[in-house]
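Peer 1:
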Amino acid sequence: MTMLSLISRSAETGLIIVVVALFAARLTLPRLKSGVVSKLVITVFALLFLLNMTLWGSKTLLLQDAFRLDHFALFFKGFFLLAGIFIFMIAGHFQDTLAKRIYEFYSLFTLATLGACFLVSANNFLVLFLSIELITFSLYVLTTYWRTQITSIEAGTKYLVVGAFSSAMMLFGISFIYGTTQTINFHDCRSAFTVLSAQPSFTLLHLGLILVLAGIGFKISAFPFQLWAPDVYQGAPTPVTAFLAVVSKSAGFAALMRLVLLATGGWNAVWILMLALIAAATLLYGNLGAIPQLGGNMKRFLAFSGIGHAGYLLMAMICQNAQGYQALIYYLVVYAIATLTIFLGIVLTDPSQSDMKHNMSDFQGLLARSPMLGFSFFVAILSLAGVPPMAGFFGKFLVIQAVIEKGMWLLALIGAVTIAISLYYYLNVIKLIYADQPNDTSSIKIGFGYQLTFICLNLSLIFLGVFQAPLLHLIAKTI
Amino acid sequence: MSLGAYLIPLLTLLPLSGAVLVLLLPAQWTKLIRALACTITWITLMISAVICLHYDTATPGFQLITKIVWLPSLGIAYQTGVDGISCVLILLHAICSLTAVLVSGSVENRVKEYYVLLLFLIASIFGVFTALDLFFLYVFYEMAVVPLYPMIIVWGSKNKEYGAMKLTLYVTLGAVLALVGLLSIYHATGLKTFDLIEIQSFLAAHPLDQTFQTWAALLLTVGFGVVASLWPLHSWSPIGYAAAPTAVSMLHAGVLKKIGIYAIIRLVLGLLPFGASVWMPYVAILAVINVLYGAWAAMAQNDLKFVIGFASVSHMGYALLGISAMTPLAVSGVVFFMFAHGVMAALSFALIGFIYHQTHTRDISDLGGLMKPLPFVGACFVMAALASSGLPGFANFVSEIIIFFGSWQVRPWPTLFAIFGIVVTATYMLRLVKNVFFGPVNRKWNNLKDAASFLERLPYGLLVLILLIFGCWPAWLLNLIRPSVALLPLLR
């Protein structure tokens, strides 16, 4: 396959064209109905997904070894594009309130997706940093997009301060790595890593790596870099929160996997201990922190539960073997489907879009108001809680299985006990939706397209939980 | 593979597809939904009876095995089959399911959802007893816990939200501990398979390291001990049963609790004999506390369901005592006891459900003299109370006596205390019968309606009949049980 053919079919090229087209449309067709724009963008994303999949099987380095195209990268690009489609559907419900500024909103989302696609193809530290910055910069603007709301401004400011700080740390770390290894390329860094391990400058290299990991730690909201998440999740417009919870988090984990697999020769016992402590603390913080959020704000609640899920993903990360990475990717996919279902459900429950607060009490007796929404929440929440036959169970099963294989008993036990803890707050949400009396008894009408989407999402959660083999087989190819 | 082997996965698939079918039916078709649930549970009872009759006791290993490869990379296969122990439990579950569906006629609101969850619960429990793959055994067990929470909070009574949460959290906490234990066995064998038969034969030839066995046995015993209401992890049980709707109490006390005992027999005694021998002396002490504490607490209750709930905690002590003795006789007694106690517990909860539906109270002090307006139900309740206190003629007597014979030589002191428990049980049971069914009639209960039609009487009559039949003729079940128990690596 020629380089030109590869580049023309890559997701990045397509996404750049979408951004340009959106700006052009903003200048020439400002009066186009926002519903049309949203449908067009979703169609283009679906086409890009198919185009991306035609590249499946290619394995090559492009642009002076800066850009790596392989199964792993293609899998994640496809994942981001699919997630992008659902996020545009969530945003589509938001379009009336945005009215004129819809073009910028969509193009910023496309830019952030572009950053994520570049990130999983990064083969040197510079591309890694630039693509993370592309995601973060787009999100700085997106989090403040609801500019008449003070909470949105607050969220944006917090995200900006914390994000800038983490980027600075990461850049600082990269400078250490460059200083000791004289290279920014992952592959050369890996050889230097093995050579330098005997010399005193090894500690400087490690310091650099710790700083880079800390930078990624912010993106995936791992303890102790998780404090921004609840405020930002709560304040940001709901589609942006969905993007943070799904695409931004998975991009962070993909980058982490790439770093460990390509740029380091694996971790020694001290690193593993440190990361195991971080994973355990993340698990406990997220799952215990979610309990006081019951009865409060739904998005804030999901931020805490999302931190808990980052803990399970880190557990899988620590195993550093094919089992662990497979578990991680499986868990990410399943987490993404369940989270997107919930966010889509959240925006549809509050059709007025008055303030985007989404208090827990809005969901009381949802099953009676809309059986489809209620059932979807039921399935998605049980999946997040790790209850069979939903797919979330199998994700947790794989993670704990991989950790036990490594002989990390204590971590496995903490992971197992937090499943029971998390069940407490997830069951409370189930009670809210399933058994409580609604404040507002009016029934909620959902369009045919959304109903179909919900059916697909629910079925995929059940299907992946019962027939795990196809997805696991696909994932095994990416490692 | 014989045709009969396909009957076993059918036990799970039939109620499961029933649940999906009911989910797709319109909610107004309640009559069809009820009829469908009845038919399905009736068919599963027939299938279970056929399996029990078909089981060949001359070759007592696992029979009627089917295997569908599920996830070869992890060694997961959907393998089903039965031995004498699971035969008995399948029969018990089929009986309890049918009667639970029959007494569910009194459920009036959200009928469709109720039957979806009930059928799902029934399917999952069949799944646990028929699975011969550790992964599927665990999955079905967890699946059985899920429907309990929504069922209790919607159709339950008295402090239902608290009870439902406590029950679900305790049982899940036990389950996840057991999961860590199961996975550790999976990795320790190095076979890369969850196939129970393969693991069993491998471990019989190559026992695992003793320290490992000790820890794994602890995780599994505590994990599954929770659902068997091992003291001090029992406190979810009376509160949960009091909160649950009748059918859930019946299935939970009758069958789901037995999963704990079943899993301990199958996995701890069967796979980790050394680990079991380390912990079983402590289990014996806890079992005695179960028996005496449960009986003592039952005596102080004023709510009918709490009395039966604590009685079931107390009775599970006998089963735990039998396991802790680790002799073939005692373990055979435990399996028979699970059957007898399951039927008795289902009967008691069904009758209490009937009384509560009529009177809207379960306070013993409010009731009294009910024998006069409710002669049939009263008679059944007296039978259940006598069975519960271990009167000869009922299956419970036979099983308890076998447990005591089996455990006497190994654990004389705990057995002695446990036998004393029977006296306490008889005391509170007879007092309960006196206060609720005899004595002066409270005038407001004069116009209660007894179960009159055949269909109304069927569930209670069936359960009483089964208790009496197997009380007078225990040989058939014991012949099923004993050869299979003899295959376990127990003390001789």
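Those sequence lines, one after another, are chains D and H. Final position of the first sequence in the numbering used here is 633; the numbers increase by one with none missing. Final position of the second sequence in the numbering used here is 626; the numbers increase by one with none missing. Glycine residues also receive a C-beta, built at the ideal position from the N, C-alpha and C atoms. Quick caveat, the model's predicted, so the values are computed rather than measured.
#1: What residues are listed by DSSP as bridge partners for A276 of chain D?
#2: Shorter than 8 Å from the beta carbon of S458 of chain H to some beta carbon of chain D?
#3: If you reduce the DSSP assignment to three classes, tell me which class Q543 of chain H lands in.
#4: Excluding five sequence neighbours on each side, which residues of the same chain lie with their C-beta closer than 7 Å to the C-beta of V400 of chain D?
#5: Who are L215 of chain D's beta bridge partners in DSSP?
#6: Assess, as a yes-or-no matter, whether the region 249 to 262 of chain H is touched by the region 273 to 290 of chain H under the definition of 3 or more beta carbon pairs within less than 8 Å.
#7: Please list the terminal residues of the continuous alpha helix (DSSP H) segment that includes T607 of chain D.
#8: At a CB-CB cut-off below 9 Å, which residues of chain H make contact with V571 of chain D?
#9: For S369 of chain H, does the count of other Cβ atoms within 10 angstroms reach 16, so buried, or fall short, so exposed?
#10: Please name the residue or residues paired with K201 of chain H in a DSSP beta bridge.
#11: With a threshold of 7 Å (Cβ to nearest heavy atom), would G138 of chain H be considered close to the ligand FMN?
#12: Check this for me: beta carbons of K403 of chain D and A464 of chain D, under 8 Å apart or not?
#13: Using DSSP with H/G/I as helix, E/B as strand and the rest coil, what is N627 of chain H?
#14: Starting from the beta carbon of P542 of chain D, find every residue of chain H whose beta carbon is closer than 7 Å, and list them in chain order.
#15: Excluding the 5 residues flanking A479 of chain H on each side, which residues of the same chain have their C-beta closer than 6 Å to its C-beta?
#16: Please list the partners that I554 of chain D has in chain H, where partner means a Cβ-to-Cβ separation under 8 Å.
#17: Along the region 318 to 348 of chain H, what residues have a CB closer than 7 Å to any CB found in chain D?
#18: Taking only three categories from DSSP, how would you classify N451 of chain D?
#19: Output the distance between the C-alpha atoms of R400 of chain H and K213 of chain D, rounded to the nearest integer angstrom.
#20: Whether or not the region 154 to 169 of chain H and the region 214 to 227 of chain H are in contact is what I'm after, with contact meaning three or more pairs of Cβ atoms, one per stretch, closer than 8 Å; do they touch?
#21: Would you say P284 of chain H faces chain D, with C-beta separation under 8 Å as the test?
#22: So with Cβ pairs under 8 Å, would you call E559 of chain D a contact of chain H?
#23: Please report the distance separating the alpha-carbon of V619 of chain H from that of T200 of chain H.
#24: Determine the DSSP secondary structure at D329 of chain H, reduced to helix, strand or coil.
#25: Measure how close the beta-carbons of V173 of chain D and S306 of chain D come, nearest whole angstrom, since I'm counting them as under 8 Å.
#26: Among the residues of its own chain, which have a CB less than 6 Å from the CB of A432 of chain H, if the five just before and after it don't count?
#27: With distances taken between CB atoms, is the gap from G524 of chain H to N576 of chain H smaller than 8 Å?
#28: Examine chain H for any beta-carbon lying closer than 8 Å to the beta-carbon of A409 of chain D, and answer yes or no.
#29: Measuring only the C-alpha atoms, how far is F234 of chain D from T334 of chain D?
#30: What's the C-alpha gap between L350 of chain D and F532 of chain D?
#31: Tell me the DSSP secondary structure of D385 of chain D in three-state form.
#32: For the region 421 to 449 of chain D, list every residue whose C-beta sits within 8 Å of some C-beta in chain H, in sequence order.
#33: Going by Cα to Cα distance, which pick from H:F358, H:I210, H:L599 is closest to L311 of chain H?
#34: Which of helix, strand or coil does DSSP assign to A265 of chain H?
#35: Can you give me the start and stop residues for the alpha helix (DSSP H) that G138 of chain H sits inside?
#36: If you measure between the beta carbons of Q334 of chain H and L405 of chain H, is that distance less than 8 Å?
Peer 2: To lay it out plainly:
#1: Counting from 1 along the first sequence, the entry for residue 276 of chain D is found at position 122. Under DSSP, A276 of chain D takes part in a beta bridge, and its partners are D:F221.
#2: Numbered from 1 along the second sequence, position 324 holds the residue referred to as residue 458 of chain H. Chain D has no Cβ within less than 8 Å of the Cβ of S458 of chain H.
#3: Taking the second sequence and counting its residues from 1, one reaches residue 543 of chain H at position 409. It is coil, neither helix nor strand.
#4: Residue mapping note: residue 400 of chain D aligns to position 246 of the first sequence, counting from 1. Residues of the same chain with a CB within less than 7 Å of the CB of V400 of chain D, apart from the 5 flanking positions on each side, are A237, A490, T493, L494 in chain order.
#5: Residue 215 of chain D sits at position 61 when you count from the first residue of the first sequence. Per DSSP, D:R222.
#6: With contact defined as three or more Cβ pairs closer than 8 Å, the region 273 to 290 of chain H and the region 249 to 262 of chain H are in contact.
#7: Counting from one through the first sequence, the residue named residue 607 of chain D turns up at place 453. Annotation for T607 of chain D: the continuous alpha helix (DSSP H) segment containing it runs 602 to 620.
#8: The residue you call residue 571 of chain D lines up with position 417 of the first sequence. Identification of chain H residues near V571 of chain D by a Cβ-Cβ cut-off of 9 Å yields L307, V310, L311, ordered along the chain.
#9: For the purposes of this step, residue 369 of chain H is taken as the residue at position 235 of the second sequence. By the C-beta density criterion, S369 of chain H is exposed, having fewer than 16 other C-beta atoms within 10 angstroms.
#10: Translated into the one-based positions of the second sequence, residue 201 of chain H becomes position 67. The partner list for K201 of chain H (beta bridge, DSSP) reads H:Q213.
#11: As for the ligand FMN, it is missing from this structure, which has no ligand bound.
#12: Mapped onto the first sequence, residue 403 of chain D falls at position 249. Mapped onto the first sequence, residue 464 of chain D falls at position 310. The answer is yes: Cβ separation under 8 Å.
#13: Here chain H has residues from 135 to 626 only, and residue 627 of chain H is not among them.
#14: Position 388 of the first sequence, counted from the first residue, corresponds to residue 542 of chain D. Contacts between P542 of chain D and chain H, judged by CB atoms closer than 7 Å, involve V273, E276, M277 in chain order.
#15: Counted from its first residue, the second sequence places residue 479 of chain H at position 345. Within the same chain, A387, G388, S446 come within 6 Å of A479 of chain H by CB-CB distance, once the 5 residues on both sides are set aside.
#16: The sequence position of residue 554 of chain D within the first sequence is 400, counting from 1. Chain H residues near I554 of chain D: L313, V314, L317.
#17: Answer set for the region 318 to 348 of chain H: S318, H321.
#18: Translated into the one-based positions of the first sequence, residue 451 of chain D becomes position 297. Strand.
#19: To locate residue 400 of chain H, count along the second sequence from 1; it is residue 266. To locate residue 213 of chain D, count along the first sequence from 1; it is residue 59. When rounded, the distance between both Cα atoms is 49 Å.
#20: Between the region 214 to 227 of chain H and the region 154 to 169 of chain H, the count of C-beta pairs closer than 8 Å stays below three; the two stretches do not touch.
#21: For the purposes of this step, residue 284 of chain H is identified with residue 150 of the second sequence, where counting begins at 1. True, the Cβ-Cβ gap to chain D drops below 8 Å.
#22: Numbered from 1 along the first sequence, position 405 holds the residue referred to as residue 559 of chain D. A Cβ of chain H is located within less than 8 Å of the beta carbon of E559 of chain D.
#23: Stepping through the second sequence from its first residue, residue 619 of chain H is reached at position 485. Stepping through the second sequence from its first residue, residue 200 of chain H is reached at position 66. The alpha-carbon separation between V619 of chain H and T200 of chain H amounts to approximately 22 Å.
#24: The residue you call residue 329 of chain H lines up with position 195 of the second sequence. For D329 of chain H, the three-state secondary structure derived from DSSP is strand.
#25: Taking the first sequence and counting its residues from 1, one reaches residue 173 of chain D at position 19. Taking the first sequence and counting its residues from 1, one reaches residue 306 of chain D at position 152. Not confirmed; about 23 Å, so no contact.
#26: Counting from 1 along the second sequence, the entry for residue 432 of chain H is found at position 298. For A432 of chain H, where only same-chain residues beyond five positions count, the Cβ hits under 6 Å are V441, F444, A445, Y562.
#27: Counting from 1 along the second sequence, the entry for residue 524 of chain H is found at position 390. Counting from 1 along the second sequence, the entry for residue 576 of chain H is found at position 442. Taking 8 Å as the Cβ cut-off, G524 of chain H and N576 of chain H do not qualify as a contacting pair.
#28: Against the first sequence, residue 409 of chain D aligns to sequence position 255. Taking Cβ atoms only, chain H never reaches closer than 8 Å to A409 of chain D, which makes this a no.
#29: Reading the first sequence from its first residue, position 80 is the one you call residue 234 of chain D. Reading the first sequence from its first residue, position 180 is the one you call residue 334 of chain D. T334 of chain D has its alpha-carbon roughly 34 Å from the corresponding atom of F234 of chain D.
#30: Within the first sequence, residue 350 of chain D is the residue found at index 196, counting from 1. Within the first sequence, residue 532 of chain D is the residue found at index 378, counting from 1. Rounded to the nearest angstrom, the two C-alpha atoms are 53 Å apart.
#31: Position 231 of the first sequence, counted from the start, is the residue given in the question as residue 385 of chain D. Correct three-state label for D385 of chain D: helix.
#32: Taking 8 Å as the Cβ-Cβ cut-off against chain H, none of the residues of the region 421 to 449 of chain D qualify.
#33: Position 177 of the second sequence, counting from 1, holds the residue named residue 311 of chain H. Comparing Cα-Cα distances from L311 of chain H to each of H:F358, H:I210, H:L599, the minimum goes to H:F358.
#34: In the second sequence, the residue the question calls residue 265 of chain H occupies position 131. The answer is strand: DSSP assigns A265 of chain H an E or B state.
#35: In the second sequence, residue 138 of chain H corresponds to position 4, counting from 1. First-last for G138 of chain H: undefined, no H or E at that position.
#36: Taking the second sequence and counting its residues from 1, one reaches residue 334 of chain H at position 200. Taking the second sequence and counting its residues from 1, one reaches residue 405 of chain H at position 271. The answer is yes: Cβ separation under 8 Å.
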